[in-house]
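I have placed the structure first, in the form of structure tokens, so that the comments after it can refer back to it.
Residue numbers (this note's numbering), protein chains in the order written: chain V, 45 to 784; chain L, 1084 to 1157.
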């Protein structure tokens, strides 16, 4: 063991689905930290090497290559090349490879070798390779590659000690560049390396080699030398032009060179004792799960199960959270002196935090199912099944999962879009995800459909209310596809989306890993979204309660009347029962009075003023000042409209099943006696909620994920425009057709 | 012939590309001349294809499969 492991930086690299996370967990225990790399939202997972607290293990994103095409690949390359701000080049790189699939896995290892970093190859899952009929001579492989090779079965902790030993005694940097360059490049490349070394003496020879190759293959990599090393830049340009003239693709020649070298060294190392086309368990499972008929059916059933879980299994937990927050509110009321501070704490802060926490059960469940789908390998199959459909609107199968997640909540949906290889696909997916009807719209759908849509049957067997609910979901989904198509057609022109996806073998998921990731992801959601909702509910509370309205003469008179009527009621009450009845009547009257007092307050508060100011704009959609005020508050979070309407209609604690609120809405009249809510107004409002982006958290997450305010701003504008336009068409069209 | 013309269950050896520069990702994933590819199945809606090469499974769209020249193995 070396004298000091302090400051040692160990980077874990490797393809996706090779057990990298398992190795990382073994090396660090559970003492890991998840953060973001500066400026991007690729997770930077790191932790101390257990037993050596000063040595840091960094888990790089799983990638197939170090030649940057996706965000993940860019990060992995920049990290290993020491290009990331605040990140030192790692002292040793562990490349985890799948023993059953050595050629493609070692392809990336050759790229790491070329960077001139000490490398250890962790030959993982040797057990499955043996089952597949492959015998690998690890020591012969180590000799051929010139780096230590540690056979492992990480899932059973086999090989862990040997790996730790190798990490703590890092090997010298391997000899780079042993694969053949094509002749057309070999000589000029040597010249280019020498030129770059002269212009940038701080780079090592091996780094120069890697940079030459990148500059030859990649436009972005070349462009950075324009100012850093102008002579080198010009020389690379000249060589590229010469190659193009002769129709030589250097990039392809380079990839082929690496694969050829690998197959020449692997031939004597691997022994096959089985026919490679023999059917595996994964093949047999896939014969069912991707079957022409059974595949889609199973996929839809699985979706139904997840929806069922998120929408109904989560309810008891959500009720529990709500009850908990309510008693916390009562506790705070009991402790704090009555007044503005208590109001702010209870109505603002505790209610606001409750609004976030109440979604956690749904989000935890969703992340749990998503984690299961990822870890078993089924996720790749959903992309395989759905790619054809997604292609129609210009996306690929990879967008299926983010869009599905958005039915629960757009936030995890937008976060899931990270896995997309193509940046354009990723942006489009983020931009349309909030059109999928999320769970926060459900309370609004429920309230207004129950109140205003007749409960009869359509064609004798379809419930009209259920059909209306389904129509809401359908409208949002169809619009998401239309928007994706339009974005691709008019905004993100050019680059064609393609679909090249590995279908990894099915594996038994490790429940503790699924749980751990579920907690980590939910924590990110709760902290980020929580911060926004928290501060916003304080603001909303303030806007609904200030300025303090002066006393309303009508209400003061009512109060006096109630007090006056109280005495005779007691006087005429003969028995105890009568006195109790009088008490109850008095309390009910006082409660009604307090409710009307709140209506009076909100009408004259900032929100009331805003609602009344906006009324002329909202009038063509059929909305009065109360609905307008509700919509304004709902831009913080959709479900807020129900509590706002509850406050306005003075029904105390309103929720979507509240019969009182439903009746109040139905009974509300304009001064001329027309009802405020007709079924047409309700439909117009529903349509508005289907399309409008009324969720601060979604905007905040979109800002994080796109690293710009531009996209959230565009998202908000186009969705609000859609909402207004479609509500207008529905209401005015309805009026024209004679639905009053 | 091209890879997209192979039927499920058939195998072929890659001989080259129909295009000067096929997508880099395809080549990096090991779609190289000399490699044997087996078509396992098509997705339920007919596209993409599910392939086996180098002992692992890859799915690509028919459009990309049409860029890869193969020699059918019998």
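Idealized CB from N, CA, C, for every residue including glycine.
Keep in mind it's a predicted model, so treat the numbers as computed, not measured.
Same chain only: Cβ atoms within 6 Å of residue i, ignoring 5 sequence neighbours per side
i, result
"residue 773 of chain V", "none"
"residue 1093 of chain L", "1122"
"residue 276 of chain V", "239, 240, 243, 269"
"residue 103 of chain V", "56, 68, 89"
"residue 252 of chain V", "237, 240, 241"
"residue 717 of chain V", "none"
"residue 684 of chain V", "677, 678"
"residue 283 of chain V", "232"
"residue 633 of chain V", "606"
Residue i versus residue j - alpha carbon distance
i, j, result
"residue 555 of chain V", "residue 420 of chain V", "11 Å"
"residue 1131 of chain L", "residue 342 of chain V", "19 Å"
"residue 32 of chain V", "residue 592 of chain V", "It is not possible to answer for residue 32 of chain V, since the shown part of chain V is limited to 45 through 784."
"residue 486 of chain V", "residue 755 of chain V", "26 Å"
"residue 478 of chain V", "residue 1134 of chain L", "34 Å"
"residue 46 of chain V", "residue 212 of chain V", "Confidence at residue 46 of chain V is low in this model, with a pLDDT of 44, below 50, so the placement of that residue is unreliable and no value is reported for it."
"residue 1146 of chain L", "residue 216 of chain V", "45 Å"
"residue 1139 of chain L", "residue 546 of chain V", "8 Å"
"residue 606 of chain V", "residue 758 of chain V", "54 Å"
"residue 57 of chain V", "residue 387 of chain V", "53 Å"
"residue 175 of chain V", "residue 575 of chain V", "50 Å"
"residue 397 of chain V", "residue 743 of chain V", "18 Å"
"residue 406 of chain V", "residue 586 of chain V", "29 Å"
"residue 59 of chain V", "residue 117 of chain V", "11 Å"
"residue 638 of chain V", "residue 433 of chain V", "55 Å"
"residue 255 of chain V", "residue 581 of chain V", "52 Å"
"residue 1137 of chain L", "residue 1084 of chain L", "21 Å"
"residue 408 of chain V", "residue 345 of chain V", "20 Å"
"residue 71 of chain V", "residue 165 of chain V", "15 Å"
"residue 300 of chain V", "residue 1149 of chain L", "20 Å"
"residue 1115 of chain L", "residue 1098 of chain L", "8 Å"
"residue 302 of chain V", "residue 1151 of chain L", "20 Å"
"residue 1153 of chain L", "residue 1103 of chain L", "16 Å"
Residues sharing a beta bridge with residue i, DSSP
i, result
"residue 96 of chain V", "V:93"
"residue 544 of chain V", "L:1143"
"residue 1155 of chain L", "L:1095"
"residue 315 of chain V", "V:179"
"residue 168 of chain V", "V:142"
"residue 57 of chain V", "V:139"
"residue 719 of chain V", "V:713"
Beta-carbon proximity list for residue i, same chain, < 8 Å, skipping 5 on both sides
i, result
"residue 551 of chain V", "419, 420, 421"
Nonlocal neighbours in the same chain, by C-beta distance under 7 Å from residue i, ignoring five residues either side
i, result
"residue 188 of chain V", "309, 313"
"residue 641 of chain V", "599"
"residue 512 of chain V", "493, 497"
"residue 390 of chain V", "373, 376, 377"
"residue 489 of chain V", "513, 516, 730"
"residue 524 of chain V", "447, 476, 479, 480"
"residue 558 of chain V", "412, 415, 416, 419"
"residue 652 of chain V", "646, 673"
Near the ligand GDP: residue i beta-carbon under 8 Å from a heavy atom
i, result
"residue 277 of chain V", "The ligand GDP is absent from the structure shown, which contains no ligands of any kind."
*Evaluate contact between the region 773-783 of chain V and the region 727-737 of chain V, counting only Cβ atoms and requiring at least three cross-stretch pairs below 8 Å.*
yes
*asked:* Whether or not the region 465-475 of chain V and the region 553-571 of chain V are in contact is what I'm after, with contact meaning three or more pairs of Cβ atoms, one per stretch, closer than 8 Å; do they touch?
replied: A contact is defined here as three or more CB-CB pairs under 8 Å, and the region 553-571 of chain V fails this definition with respect to the region 465-475 of chain V.
_the region 87-107 of chain V touching the region 221-231 of chain V, judged by at least three CB pairs closer than 8 Å_ = no
*Using a Cβ-Cβ cut-off of less than 7 Å, list which residues of the region 192-219 of chain V approach chain L; keep chain order.*
none
*Taking a Cβ distance cut-off of 7 Å, strictly less, list which residues of the region 1098-1129 of chain L are near chain V, in chain order.*
1103, 1104, 1106, 1107, 1108, 1109, 1110, 1111, 1112, 1113, 1115, 1121, 1124, 1126, 1127, 1128, 1129
*Residues in the region 1127-1153 of chain L having any Cβ partner in chain V nearer than 7 Å*: 1127, 1128, 1129, 1130, 1131, 1133, 1137, 1138, 1139, 1140, 1141, 1142, 1143, 1144, 1147
*Meets three-Cβ-pair contact criterion under 8 Å: the region 334-349 of chain V and the region 364-383 of chain V*: no
_Would you call the region 134-149 of chain V in contact with the region 277-284 of chain V, where contact means no fewer than 3 C-beta pairs closer than 8 Å?_
no
*asked:* For the region 540-558 of chain V, list every residue whose C-beta sits within 9 Å of some C-beta in chain L, in sequence order.
replied: Hits within the stretch, in order: 540, 542, 543, 544, 545, 546, 547, 548, 549.
*Cβ contact check for the region 650-661 of chain V and the region 669-683 of chain V: 3 or more pairs under 8 Å*: yes
*Just checking, does the region 229-236 of chain V make contact with the region 198-210 of chain V on the three C-beta pairs under 8 Å criterion?*
no
_For the region 1100-1120 of chain L against the region 294-308 of chain V, do three or more pairs of beta-carbon atoms, one drawn from each stretch, fall closer than 8 Å, so that the two count as touching?_
yes
*Compile a chain-ordered list of the residues in the region 106-117 of chain V whose CB is closer than 9 Å to at least one CB of chain L.*
Residues 108, 109, 111, 113.
*Taking a cut of 7 Å between CB atoms, which residues from the region 328-343 of chain V lie near chain L?*
334, 336, 339, 340
*Using a Cβ cut-off of 8 Å, which residues of the region 292-304 of chain V contact any Cβ in chain L, in chain order?*
From the region 292-304 of chain V, only 293, 295, 296, 299, 300, 303 have a Cβ closer than 8 Å to chain L.
*Just by C-beta distance, which residues in the region 115-148 of chain V are closer than 7 Å to chain L?*
144, 145, 147, 148
*asked:* Under 8 Å: do the region 109-126 of chain V and the region 256-268 of chain V share three or more Cβ pairs, one atom per stretch?
replied: yes
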